[in-house]
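Numbering (the UniProt record's numbering), first residue to last: 1 to 222. Positions of the beta carbon are idealized from the N, C-alpha and C atoms, including for glycine. These figures come from a predicted structure and were not determined experimentally. Accompanying notes for the structure given below.
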Amino acid sequence: MLVVGGMIGVGKTTLASIIAADLNIDLYTENVEGNDILPLFYTASEEEQNRKRYPFLLQLEFLTSRYRDIKHALFAGPSIMDRSIYEDWYFAKVNTDLGRISPEEFKLYAKILDEMMKEISQFPKKAPDLMIYLHASFETILERIGSRGRDFEQDDKLVSYYRSLWEGYDDWVHNHYAASPVLLVDADQFDFYRAEDRKHLVDSVKNLQHNPTGQYMTLNRP
């Protein structure tokens, strides 16, 4: 079981889809289509956010879907996940630090997550074999968010939110994520539509998922 992590817009879904096709394994993607709260989280006014608690509701929505997906993935055959339940905490924490989620809401969220993780610890397979973490410059992130064209993500007022997420992501990976070894991939350097880059990554994943060489490994050019 593999998971792909990283910032909004960095290319997780693209990479996860490529690996799933090349390795012929199941793909679990984020619950974006049909998620009625997600556009409201991005487009509602600050007053609406405070009154209707969209950030908290969105975190519960994602947490529920990620728990469902990881249950399926850990019991099923080989698979790859586009973001996972382990990463969900980081988004909840950033939104709490920004005042979008109240301390009381975060405390409740943490209790629910803790109970879910206790359940996962009882599964026959308890964690992913490898996390592929995509990092890119902030300029690349903004460019890719713009190019994928989701209308609700394009407001210039969201740039400060994206930067808050981006600035703490590496710290989360190195100081909070411990479920599996991590393969660090520079998404500015690698183009996974390029056959050579794609093959190099897939070959590296095949070699590392069962035989990691450390907790943090970096994908270098061949």
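Around the beta-carbon of Asp170, fewer than 16 other beta-carbon atoms lie within 10 Å, marking it exposed. Put simply, the segment 97-115 does not touch the segment 180-190. Fewer than three CB pairs are less than 8 angstroms apart. Rounded to whole angstroms, the gap between the alpha carbons of Tyr162 and Leu2 is 25 angstroms.
Asp88 places its beta carbon 7 angstroms or farther from that of Val4. The Cβ neighbour count for Gly6, taken over all protein chains shown within 10 Å, is at least 16; the residue is labelled buried. A straight line joining the alpha-carbon of Leu57 with that of Asn50 spans about 12 angstroms. Of all C-beta pairs linking the segment 190-199 to the segment 208-215, fewer than three are shorter than 8 angstroms, placing the two stretches out of contact. When Cβ pairs closer than 8 angstroms are counted between the two stretches, the segment 13-25 is seen not to touch the segment 61-68, the count staying below three. Remark: C-beta atoms of Tyr90 and Ala179 do not approach each other more closely than 7 angstroms. Under DSSP, Ser79 shares a beta bridge with Asp26. Under DSSP, Gly6 takes part in a beta bridge, and its partners are Leu134. Of all alpha-carbon atoms in Asn220, Asp203, Arg221, Gly99, the one lying nearest the alpha-carbon of Leu23 is that of Asp203.
For the alpha helix (DSSP H) assignment, the uninterrupted runs of no fewer than 4 residues enclosed by the segment 9-76 are, from N- to C-terminal side, 12-23, 37-43, 46-52, 54-75. Looking at the DSSP output, Asp186 sits in a beta bridge with His135. Per the DSSP secondary-structure output, Thr218 pairs in a beta bridge with Leu184. Assigned with DSSP and collapsed to three states, Thr213 falls in coil, not helix or strand.
In this model, Ile8 and Gln122 are separated by some 31 angstroms (Cα to Cα).
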